[in-house]
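First comes the structure, then the notes that go with it.
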Amino acid sequence: MEKNAVRIGFSRADITPLESVPLAGYGNTERRMSGAILSRLYATCLAFSDGENKALLISLDNAGFSDFSDEVLRPAISEATGIPVNAIHLSCSHTHSATDVGKTDIPSVRRLCKQLEAKLVLTAVDALQDLPFTRIFAGTYET
5 MEKNAVRIGF SRADITPLES VPLAGYGNTE RRMSGAILSR LYATCLAFSD GENKALLISL
65 DNAGFSDFSD EVLRPAISEA TGIPVNAIHL SCSHTHSATD VGKTDIPSVR RLCKQLEAKL
125 VLTAVDALQD LPFTRIFAGT YET
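Residues in the sequence shown are numbered from 5 upward in steps of one, following this note's numbering.
Structure below.
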């Protein structure tokens, strides 16, 4: 591969809960349960490779992770892809119309967390499957 060249792959997965779950934010989330789907929720993954190193940038439509990202998600993605945990970045759009994944004492949240784990692993693997050659240019413009 050409010096300073990079390959970038892309993948997206629907992570909308399949059942009613507590929604994040605004205090007492046990009483604020999802009841209908107004907008789908997605996870988007960008995979980067310079020929020697790989990294993943994954963004989710969710409010946050609590310990879920470091204890479960990043290690599972790392195991499936071979990419080191420290080269996997997870971020959230911080929407209060998504699940409170910290409420793992609720069965529907535990099931959703398992689904999220599986979907994020597949999304990362898909993004790594197709890494077309990409040129990235940066510059400045002055008027």
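All residues carry an ideal CB built from backbone N, CA and C; glycine is no exception. Computed from a prediction, not measured in an experiment: that's the story for all the values here.
Given a threshold of 16 other Cβ atoms within 10 Å of its Cβ, counted over all protein chains shown, does residue i qualify as buried or as exposed?
| i | result |
| --- | --- |
| D74 | exposed |
| G13 | buried |
Measuring alpha carbon to alpha carbon, tell me which residue in the options is nearest residue i.
| i | options | result |
| --- | --- | --- |
| A40 | Y46, D54 and S24 | S24 |
| G157 | T138, T103, A84 and T108 | No answer is possible for residue 157: it lies beyond the span of the chain, which begins at 5 and ends at 147. |
| G86 | S70, Q119, A51 and D104 | A51 |
| D71 | V105, H93 and S38 | V105 |
| S97 | S53, R36 and T48 | T48 |
| D18 | S38, R36, S43 and M37 | S43 |
| M37 | D134, I110 and L132 | I110 |
| R114 | V76, L126, Q133 and P136 | V76 |
| L116 | F69, E146 and Q133 | F69 |
Going by the CB atoms, is the gap between residue j and residue i shorter than 7 Å?
| i | j | result |
| --- | --- | --- |
| Y46 | R78 | no |
| V89 | S82 | yes |
| D65 | A102 | yes |
| A80 | V129 | no |
| R11 | L135 | yes |
| H93 | L61 | yes |
What is the DSSP secondary structure of residue i, reduced to helix, strand or coil?
| i | result |
| --- | --- |
| V25 | coil |
| R114 | helix |
| R35 | helix |
| R78 | helix |
| S127 | Residue 127 is actually Thr in this sequence, not Ser. Of the three classes helix, strand and coil, the one that applies to T127 here is helix, per DSSP. |
| F14 | strand |
| S70 | coil |
| A3 | With the chain covering 5 to 147 only, the question about residue 3 has no answer from this structure. |
| L120 | helix |
Residue i and residue j look like a contact to me (Cβ under 8 Å); what is the Cβ gap, rounded to whole Å?
| i | j | result |
| --- | --- | --- |
| A91 | K123 | Not confirmed; about 20 Å, so no contact. |
| K107 | P26 | 5 Å |
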